[in-house]
Amino acid sequence: MALLEVNEITKVFGGLTAVDKVSFKVEPGEIVSIIGPNGAGKTTIFNMLTGVYKVDNGSINFDGKAIHNTSPQHIVHAGIARTFQNIRLFPNMRVIENVMIGNHINTKYGFLDEVFRTPRFRKGERECAQKAIDILESLDLGDQIDNYAKNLPYGMQRKVEIARAIATNAKLIILDEPAAGMNPQESEELMEFIRSLRDKGHTILLIEHDMNLVMQISDRIYVIEYGKKIAEGLPAEVAHNPRVITAYLGSGGISKDEE
Ligand SMILES: Nc1ncnc2c1ncn2[C@@H]1O[C@H](COP(=O)(O)OP(=O)(O)O)[C@@H](O)[C@H]1O
Ligand SMILES: [Mg+2]
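The sequence shown begins at -16 in my numbering and counts up by one.
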């Protein structure tokens, strides 16, 4: 059984069908990308997956359970972590503290433990900090641990945000246009970083409008246009699909080196 199974999800805004019976799957250990021109319905899909929007029709199964029309909190606890298109780190906190926040959803102590700084709280905090250090080191971000988030370059902030998503013990990480606002070199580094996550066993669903960016790292790609799935397959298959090429011509096309 696939880790994520999306069956014919549909979302209507007023008279506009933003997402129309879209189906796709993500298997454990894959990088799967959903691509499409601006306005195709990518963020709407993302919002249904993360529980921000209800689905009007269809179903979303994660890890064998239906998660559509539950809450964002439920979905995080079920094991799906996300990053935001606009980075949401706490600027005046250090990198380690930002990552510990991800980890906190798994801690056992309650509010009173925290207020009274009980031994359970202090032990929990130590473990939480150690886990954050382990994650940052495993992602080659160990030298950033003590830096304040606000002092990091943009590309590095994004990596820390992804590290925080990993700290939730998520089984699936969904990224909505993570390279938005990055220069070509930062985008390239981020794609390398995402590939390294997959090589460590993480499962990634990448939502992106720039097809060239995901070409090199995706195991499989789904293409949507005007809310409908128009193609799916291996990157090379998708890149040569006439419908996909036509869909992308209006938004810059596919660069020559993909031909
Ligand atoms: N909350 C909303 N209310 C009304 N229309 C929306 C809303 N969100 C998105 N849309 C419309 O749905 C379509 C898909 O948008 P979106 O999912 O943001 O596309 P993408 O992320 O692929 O650029 C667009 O036509 C957009 O204007
Ligand atoms: Mg979008």
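We treat Cβ as the ideally placed atom computed from N, Cα and C, and that holds for glycine. All figures in this text were calculated on a predicted structure; none of them were measured in a lab.
request  = Starting from the N-terminal side, write out each stretch of the alpha helix (DSSP H) that is 4 residues or longer and does not extend beyond the region 177 to 236.
outcome  = 194 to 198, 218 to 222 and 225 to 232
task = Counting only the same chain and skipping the five closest in sequence on each side, list residues whose C-beta sits under 6 angstroms from that of Glu97.
result = Phe104
beta-carbon Thr(-7) near ligand 1 non-hydrogen atom, thresh 6 angstroms = no
key: Check your reading: residues with Cβ closer than 5 angstroms to ligand 1 heavy atoms   = Phe(-4), Ala1, Asn21, Gly22, Ala23, Gly24, Lys25, Thr26 and Thr27
ask   = Just how far apart, CA to CA, sit Leu188 and Thr0?
value = 23 angstroms
Under the three-state DSSP convention, the category Asn152 falls into = coil
query = DSSP puts Thr0 in a beta bridge; with which residues?
reply = Val(-5)
ask   = Helix, strand or coil for Phe104 per DSSP?
value = helix
query = Between the Cα of Ile177 and the Cα atoms of Ile50, Asp129 and Met139, which residue gives the shortest distance?
reply = Met139
inquiry  = For Gly22 and Gly210, what's the separation of their Cα atoms in angstroms?
reply    = 8 angstroms
request  = Within the same chain, show all residues whose beta-carbon is closer than 8 angstroms to that of Lys142, passing over the 5 residues directly before and after it, in chain order.
outcome  = Leu122, Leu124, Leu173 and Phe176
task = Would you mind giving the Cβ-Cβ distance between Ile(-8) and Ile43, rounded to the nearest angstrom? I have them listed as a contact below 8 angstroms.
result = 6 angstroms
message = According to DSSP, is Glu(-12) part of a helix, a strand, or is it coil?
response = strand
message = Restricting to Cα atoms, I'd like to know which of Ile18, Lys4, Val59 and Asp129 is closest to Ile228.
response = Ile18
request  = Report yes or no: do the region 185 to 201 and the region 153 to 165 share at least 3 C-beta pairs separated by less than 8 angstroms?
outcome  = yes
message = Just to confirm the assignment: which complete alpha helix (DSSP H) runs, minimum length 4, are found wholly within the region 110 to 157?
response = 137 to 150
request  = Could you tell me the boundaries of the alpha helix (DSSP H) in which Phe29 lies?
outcome  = Lys25 to Leu32
message = Taking a contact to mean a Cβ-Cβ separation below 7 angstroms, would you say Thr33 touches Ile58 in this structure?
response = yes
query = Measuring from the CB of Lys212, is there a heavy atom of ligand 3 at a distance below 6 angstroms?
reply = This structure lacks ligand 3; its bound ligands are ligand 1 and ligand 2.
request  = Please name the residue, chosen from Asp117, Tyr36, Asn86 and Gly(-3), that lies closest to Gly107 on a Cα-to-Cα basis.
outcome  = Asn86
request  = Please classify Ile58: does DSSP put it in a helix, a strand, or coil?
outcome  = helix
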